[in-house]
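First comes the structure, then the notes that go with it.
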Amino acid sequence: MFATPEKNPERKEFYKRISGENLTPLWEVLGDLVPQRPRTPCVPALWRYQTARPLLLEAGRLITAKEAERRVLVLENPGLRGHSSITHTLYAGLQLILPGEVAPSHRHAQSALRFVVEGSGAYTAVDGERATMRPADFIVTPSWTFHDHGNPGKEPVIWLDGLDIPMIAFFDAGFAERYPQEVQPSVRPEGDAHSRYGQNLLPLEYQPASRTTPVFSYPYEKTRDALSRLQRAGPPHPSHGIKMQYANPATGGYPMPTIAAFIQLLPAGFKGRRHRSTDGTVFSVVEGRGRSKIGKEVFDWGPKDLFVVPSWHEVSHEAQEETVLFSFSDRPV
């Protein structure tokens, strides 16, 4: 859109001279700063769970959850290696907690989500309330709230972490603090937040303290039932199938100010129409098998696999069998 002017000896000498004053000519970089369409170094990528799982369990033998603080294998976008990012604005990783372990309580400026991939019996405690973690449950850890994870159960539990770490780093706004004890005390019974805010009711004269959802646990059992009912109610969207966004019940908006989360059902045999958007999106396969065409790449996926769709890349999904996909992106921003 913006052509770079031709360089001549006099201009080159001028550019070299002003560089010593920490100045640079806008007309030399304007096309990169103001592109005609979105451009990103992020590339489409897929992580097979059957490959990542044994590596995560191996990490479990090498380092404890306490020593690691958070035992996570980061999903790094191949175009952003070394940046601990899956898109320019989002971080994703697979976290493991073994039976009997506790991941110590801390808080940080970054907002976080947990999407349970495998195992039951662990818990996440957020600001004095625990939530039991079951497969495909969606859990929110709001910015600057103390949270810890524990596994009193008998099997390993693995979940997908999603955070706005790159976004907070961009603004140089990162803060973190450890809780004085390894585990924060429980001050409310499990399910308290859901009873107060998740039943189409709100406390009298309630005023939201932030834009983050006051309900921090969204059980998959209820989500899956809603998708099944909607599937019976009418035809799927030509691109998205039956797609819903997780909502903040106090505002109707996204569950976090920086991260949106979605769940969608693709009927067996579904062949979606191609579409694109500017929010880079991370997907986790909950149920089913199929494939996605992202730009020029085609990825076949199955249960628990993960993949990323970079900003402004055309994508379409096909389902060999009835499929459920979880996803999150930076759409609120």
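Using our numbering, the letters of the sequence shown correspond one by one to residues 835 to 1167.
Just so you know, even glycine gets a beta-carbon here, dropped at the ideal spot from N, CA and C.
Note that the coordinates shown come from a computational prediction; the quantities given were computed from them, not determined experimentally.
Is the Cβ-Cβ distance between residue i and residue j less than 8 Å?
i: S1073; j: H1028; result: no
i: V1017; j: V936; result: yes
i: W1135; j: L880; result: yes
i: E968; j: P1053; result: One point to set straight first is that residue 968 is Arg, not Glu, in the sequence displayed. Yes, the pair counts as a contact, with Cβ atoms nearer than the cut-off.
i: G1106; j: G1075; result: yes
i: P1091; j: R1045; result: yes
i: P1101; j: P1070; result: yes
i: A1093; j: F1005; result: In the sequence as presented, Ala is not what sits at residue 1093; that position holds Ile. Not a contact, by the Cβ cut-off of 8 Å.
i: T1085; j: P1042; result: yes
Can you tell me whether residue i is helix, strand or coil according to DSSP?
i: A899; result: helix
i: K1056; result: helix
i: P938; result: strand
i: L932; result: coil
i: S1051; result: strand
i: M967; result: coil
i: G927; result: strand
i: K1130; result: coil
i: I973; result: strand
i: L1099; result: strand
Starting from the C-beta of residue i, find all residues in its chain whose C-beta is less than 7 Å away, skip the five residues before and the five after it, and write them out in chain order.
i: V1144; result: Residue 1144 is actually Pro in this sequence, not Val. Same-chain partners within the cutoff: T874, C876, V877, P878, T921 and G1114.
i: T1057; result: I1097
i: P859; result: Y849
i: V1049; result: A1027, H1028, Y1031, G1032 and P1083
i: A1007; result: A943
i: A926; result: L909, I920, L994, D995, G996 and V1116
i: E1011; result: H940 and R941
By the 10 Å Cβ neighbour count, where 16 or more other Cβ atoms means buried, how is residue i classified, buried or exposed?
i: V1116; result: buried
i: N1034; result: exposed
i: D995; result: buried
i: R979; result: Sequence inspection shows Thr at residue 979; the Arg mentioned does not correspond to that position. Counting Cβ neighbours within 10 Å, T979 comes out buried, since at least 16 surround it.
i: T1047; result: buried
i: P888; result: exposed
i: K900; result: exposed
i: E963; result: buried
i: V863; result: exposed
i: M835; result: exposed
i: S853; result: exposed
Who are the Cβ neighbours of residue i in its own chain at under 6 Å, not counting the five residues just before and after it?
i: L890; result: L907, L928 and L930
i: G913; result: P875, C876 and V877
i: R1123; result: G1136, Q1154 and E1155
i: V1139; result: One point to set straight first is that residue 1139 is Asp, not Val, in the sequence displayed. Excluding residues within five positions, the ones whose Cβ falls inside 6 Å are R882, Y883 and V1119.
i: V1158; result: L1099, V1120 and E1121
Go through its chain and collect everything with a Cβ distance to residue i's Cβ below 8 Å, but skip five positions before and after it.
i: E982; result: The identity of residue 982 in the sequence shown is Asp, whereas the question assumes Glu. Cβ within range, chain order: V936, A937, P938, S939, H940, T958, A959, Y1013, E1016, V1017 and Q1018.
i: E910; result: G916, H917, S918, S919 and I920
i: D1172; result: This structure gives no information on residue 1172, because the portion of the chain shown stretches from 835 to 1167.
Do the segment 1065-1084 and the segment 1092-1099 touch if we need at least three Cβ pairs shorter than 8 Å? yes
Say whether the segment 913-923 touches the segment 931-948, bearing in mind that this needs 3 or more beta-carbon pairs closer than 8 Å, one atom from each stretch. no
Does the segment 952-966 touch the segment 1054-1068, meaning 3 or more C-beta pairs lie closer than 8 Å? no
Under 8 Å, with one C-beta from each stretch per pair, do the segment 1127-1136 and the segment 1145-1165 reach the 3-pair mark? yes
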